[in-house]
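Here is the structure we will look at.
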Amino acid sequence: KQEVTQIPAALSVPEGENLVLNCSFTDSAIYNLQWFRQDPGKGLTSLLLIQSSQREQTSGRLNASLDKSSGRSTLYIAASQPGDSATYLCAVSSLTGGGNKLTFGTGTQLKVEL
Amino acid sequence: GAVVSQHPSWVICKSGTSVKIECRSLDFQATTMFWYRQFPKQSLMLMATSNEGSKATYEQGVEKDKFLINHASLTLSTLTVTSAHPEDSSFYICSAREGAGNQPQHFGDGTRLSIL
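Protein sequence lines, in the order shown, are assigned to chains A and B.
The first sequence begins at 830 in the working numbering and counts up one residue at a time.
The second sequence begins at 17 in the working numbering and counts up one residue at a time.
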């Protein structure tokens, strides 16, 4: 059974700081890994999708890496802004069940302070 | 592109009422749709997976007679919470995917259900 863990559970940083969010998963047989952002009471916004054959993806100030063999992914946020404050979720699409299951981590609650 | 619309966004109703939530893919054909449930300060838990024209596949512990899922077309899936009770109060989120398992899921904005 796939299990996804995110560290830290919560993080508070001053504006402008670079930061790293961590995600680990137990079963390396995955289709892809996604990073999402969730604002309070809202749905999910997809940030980055990394296919199992890829090592990293970049979008603006965000960079996500994937090390499938070790079961780890990191989300790097450069020059953080107060608008980045949200909960960040990683999710893996596992080969088990034909890729039909996304297993979510418990999230990292980020607060970027002025 | 890849927009998923979920309606309603918020509903409050009395215990015993049945509530229907709609999930629509606006600009793509969703061969597979998913329904998730999220309790406060917890992550998303998959409830069921549905393919167009087929019966939904429910996760262990999810009552299929309680949570009725219909995926009648490639752009619409509905979740009906039958005879809802206060313990059914939660945040329900749908997602839709076009094509195979390596394609991304696109999420709706969620529905907050409160049962009095």
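Yeah, the Cβ is synthetic: ideal placement off N, Cα and C, and Gly gets one too.
On a predicted model such as this, the values are computed, not experimentally measured, just so you know.
Other residues of its chain near residue i: CB distance less than 7 Å, five sequence neighbours each side excluded
| i | result |
| --- | --- |
| N861/A | L878, I879, Q880, S881, S922 |
| E114/B | F44, Q45, A46, T47 |
Test item: CB-CB of residue i and residue j under 8 Å
| i | j | result |
| --- | --- | --- |
| S41/B | T91/B | yes |
| G872/A | D43/B | no |
| A46/B | A88/B | no |
| T65/B | F55/B | no |
| P24/B | T127/B | yes |
| Q863/A | C852/A | no |
| A908/A | G845/A | yes |
| G889/A | S857/A | no |
Close-in-space but distant-in-sequence residues of the same chain around residue i (CB under 6 Å, 5 per side omitted)
| i | result |
| --- | --- |
| L62/B | Y52, E75 |
| W26/B | R128 |
Beta carbon proximity, residue i to chain E, threshold 8 Å
| i | result |
| --- | --- |
| L878/A | Looking for chain E here will not work: the only protein chains present are A and B. |
Extent of the continuous beta strand (DSSP E) run through residue i
| i | result |
| --- | --- |
| Q886/A | 885-888 |
| S881/A | Where S881/A is concerned, there is no enclosing beta strand (DSSP E), given that its DSSP letter is neither H nor E. |
| S34/B | Segment: none, S34/B is in no beta strand (DSSP E) and carries neither H nor E. |
| N861/A | 859-867 |
| D896/A | 891-896 |
| S70/B | Element bounds for S70/B: n/a, residue is neither H nor E. |
| A116/B | That residue, A116/B, is in no beta strand (DSSP E); it is neither H nor E in DSSP. |
| V19/B | V19/B -> no beta strand (DSSP E), and no H or E assigned at all. |
| S130/B | 127-131 |
Other residues of its chain near residue i: CB distance less than 8 Å, five sequence neighbours each side excluded
| i | result |
| --- | --- |
| L840/A | L848, L850, T937, Q938, L939, K940 |
| K930/A | Q831, S922, S923 |
Status (buried if at least 16 other CB within 10 Å, exposed otherwise) for residue i
| i | result |
| --- | --- |
| Q119/B | buried |
| Q121/B | buried |
| T887/A | exposed |
| G934/A | buried |
| Q58/B | exposed |
| A838/A | exposed |
| L132/B | exposed |
For residue i, the three-state DSSP class (helix, strand or coil)
| i | result |
| --- | --- |
| D104/B | helix |
| P843/A | strand |
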